[in-house]
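Worksheet: one structure, shown below.
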Amino acid sequence: MSNIDRYDYAFDPEADNWPARLLRQVPQGSAVLELGPGAGAMTRVLLARGCKVTVVENDPEAVQALLAMGVEVIESDLDCTDWISALGDR
Numbered sequence: 020m021s022n023i024d025r026y027d028y029a030f031d032p033e034a035d036n037w038p039a040r041l042l043r044q045v046p047q048g049s050a051v052l053e054l055g056p057g058a059g060a061m062t063r064v065l066l067a068r069g070c071k072v073t074v075v076e077n078d079p080e081a082v083q084a085l086l087a088m089g090v091e092v093i094e095s096d097l098d099c100t101d102w103i104s105a106l107g108d109r
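In my numbering, the protein residues as written are 20 to 109.
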């Protein structure tokens, strides 16, 4: 098992749990900042809804998987604040 596998899980956007309900509230085509997306289970749902997704992730394998999805990746540890300046005026 690669390190990224520990972050991946089946995500049902139609489920009756708080992550699914939250994502259903995001308007299609929105600009979204996702913190710590791991393998991108929720990222894939946001992309399917036409969202422009920017993520902050520090795991190298997850970063590569997210880049392959076509999202903007800010490679940083969330415990540091350097990623905030990378957001610019967004």
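Built from N, CA and C at the ideal position, the CB exists for glycine as well.
Problem - Identity of the residue in L66, D101, R68 and V64 nearest N77 by Cα - result: In the sequence shown, residue 77 corresponds to position 58, counting from 1. Distances from the CA of N77 to each of L66, D101, R68 and V64 were compared; the closest alpha carbon is that of D101.
Problem - Bounding residues of the alpha helix (DSSP H) (the contiguous stretch that carries V75) - result: Residue 75 sits at position 56 when you count from the first residue of the sequence shown. Counting along the chain, V75 falls outside any alpha helix (DSSP H), though it belongs to the beta strand (DSSP E) covering K71 to E76.
Practice task
Give the DSSP-derived three-state secondary structure of V51 in the structure shown.
Solution key: For this step, residue 51 is matched to residue 32 along the sequence shown. Secondary structure of V51 (DSSP, three-state): strand.
Handout entry: Three-state secondary structure assigned by DSSP to E91
Key = Start at 1 with the first residue of the sequence shown, and residue 91 comes out as number 72. Strand.
Handout entry: Among D108, V92 and C99, nearest to P56 - alpha-carbon criterion
Key = Numbered from its first residue, the sequence shown carries residue 56 at position 37. Closest option to P56, Cα to Cα, is V92.
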